[in-house]
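Inspection log for the structure reproduced underneath, given as structure tokens.
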Amino acid sequence: MKVAIVTGATRGIGMQIAIDLAKAGYNVVINYNSNTEKAMEVKKMCDEYNESIIFRADVSKPDDAKILVDEVITRFGQIDLLVNNAGITKDQLILRMSEDDFNDVIDVNLGGTFNMCKNVSKHMAKKRSGVIINMASVIGEIGNIGQANYAASKGGVIALTKSLAKELALRGVRVNAVAPGYIDTDMTKVLADNIKEEIIKQIPLKRIGTPKDVSNLVLFLSSDNASYITGQVVNVCGGMVI
Ligand code: NAP
1195 MKVAIVTGAT
1205 RGIGMQIAID
1215 LAKAGYNVVI
1225 NYNSNTEKAM
1235 EVKKMCDEYN
1245 ESIIFRADVS
1255 KPDDAKILVD
1265 EVITRFGQID
1275 LLVNNAGITK
1285 DQLILRMSED
1295 DFNDVIDVNL
1305 GGTFNMCKNV
1315 SKHMAKKRSG
1325 VIINMASVIG
1335 EIGNIGQANY
1345 AASKGGVIAL
1355 TKSLAKELAL
1365 RGVRVNAVAP
1375 GYIDTDMTKV
1385 LADNIKEEII
1395 KQIPLKRIGT
1405 PKDVSNLVLF
1415 LSSDNASYIT
1425 GQVVNVCGGM
1435 VI
């Protein structure tokens, strides 16, 4: 049976991806940073379809990422799919953005993706197969006021994805990035209603996206139907970026 690691899988987009992968026949490793109770709830939903495990690890910490990957190999013997979904925001205009706010976002979003790719790609390269999907953002392509840290981290994820796709292609590993627009999760719930209305006006499909919209794309990219696709950034944004 295929094994998938989904980082940041207790809420929002990651939770939906974990459940859909379990449904699609994967043993899913549900990674999270703080909320064990929520991780247990997601595990219960995944276990309806296939065996899953929860694993607390702060992906921004190289040692945590290594322990997570070693544990998965001990438990399941292989990793077929890595979805680097864990991410945070700490929005602020640059004049008020502290170094910590900048570094924390880079460390989780970009550093976490690097830490996980580094540890997992070793096993995939040895097996000469595997798929890595990195969660970027349209903000990493177009930038945004108050999100210099986040945009830089996601732009970095896109560049990392393209480099790894070139590096790992001959080892049978595909690496792609998914770039969501505005998706209805805890991350965007903080936005005021008038700001949400303004955002919707700029989306040709006239709605905010759902975690399912993103998960559908991840499921496709992870499947053999996408076997000729690597190094790409696929937007799922209702046409917000055209
Ligand atoms: P979310 O609802 O805020 O959930 C974030 C998840 O990441 C949680 O499960 C959280 O676990 C986990 N996490 C945070 N820091 C972590 C760390 N250091 N190590 C491991 N796990 C960590 O976020 P979301 O909206 O679903 O977003 C998921 C991904 O999509 C992110 O990469 C985000 O940047 C990207 N994205 C989202 C949107 C959007 O509109 N929502 C748009 C574009 C891109 P704990 O709760 O246990 O800490």
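In the working numbering, the protein residues as written are 1195 to 1436.
Built from N, CA and C at the ideal position, the CB exists for glycine as well.
Excluding the five sequence neighbours on either side, which residues of its own chain have a C-beta within less than 6 Å of the C-beta of residue i, listed in chain order?
i       : result
Val1367 : Met1318, Gly1324
Gln1426 : Asn1370
Val1302 : Ser1254, Ile1282
Ile1402 : Tyr1376, Asp1378
Asn1251 : It should be pointed out that residue 1251 corresponds to Ala in this sequence rather than to Asn. Correct list, in chain order: Asn1225, Asp1258, Leu1262.
Residue i and residue j look like a contact to me (Cβ under 8 Å); what is the Cβ gap, rounded to whole Å?
i       : j       : result
Tyr1226 : Ile1248 : 7 Å
Ile1213 : Met1239 : 5 Å
Lys1284 : Asp1298 : 6 Å
Ala1346 : Ile1288 : Between Ile1288 and Ala1346 the Cβ distance is about 11 Å, and since that is not below 8 Å, they are no contact.
Val1223 : Ala1259 : The pair is not a contact, with the Cβ atoms about 12 Å apart (cut-off 8 Å).
Val1435 : Ile1336 : 6 Å
Gln1286 : Lys1321 : In fact, because the Cβ distance is near 43 Å, the residues do not count as touching under 8 Å.
Out of the options, state which residue places its alpha-carbon closest to the alpha-carbon of residue i.
i       : options                            : result
Ile1352 : Val1222, Thr1424, Lys1390, Met1381 : Thr1424
Asp1418 : Asp1274, Ala1216, Asp1252, Ala1251 : Asp1274
Ile1339 : Lys1312, Ala1363, Lys1400, Arg1290 : Arg1290
Leu1215 : Ser1228, Lys1196, Asn1229          : Lys1196
Val1263 : Tyr1243, Arg1322, Thr1307, Lys1383 : Thr1307
Leu1276 : Ser1292, Tyr1422, Ser1421, Ser1416 : Ser1416
Asn1244 : Glu1293, Lys1217, Gln1210, Ile1394 : Lys1217
Evaluate residue i with the Cβ neighbour count: other Cβ atoms within 10 Å of its Cβ, from every protein chain shown; 16 or more gives buried, anything less gives exposed.
i       : result
Lys1237 : buried
Leu1333 : The question names Leu, yet the displayed sequence has Ile at residue 1333. So Ile1333 ends up on the buried side.
Val1266 : buried
Leu1362 : buried
Leu1364 : exposed
Ala1386 : exposed
Val1408 : buried
Gln1396 : exposed
Tyr1422 : exposed
Val1314 : buried
Leu1399 : exposed
Gly1305 : buried
Given residue i, which residues of its chain have a CB within under 7 Å of its CB, disregarding the five upstream and five downstream residues?
i       : result
Gly1349 : Gly1334
Asn1229 : Thr1204
Short of 8 Å in beta carbon distance, which residues of its chain neighbour residue i, apart from the five on each side in sequence? Order them along the chain.
i       : result
Asp1380 : Arg1205, Gly1206
TODO: Evaluate contact between the segment 1224 to 1234 and the segment 1203 to 1212, counting only Cβ atoms and requiring at least three cross-stretch pairs below 8 Å.
DONE: yes
Task: Validate contact between the segment 1354 to 1362 and the segment 1403 to 1419 using beta carbons, cut 8 Å, 3 pairs - done: no
TODO: May I ask you to verify whether the segment 1375 to 1385 touches the segment 1429 to 1436, counting CB pairs closer than 8 Å and requiring at least 3?
DONE: yes
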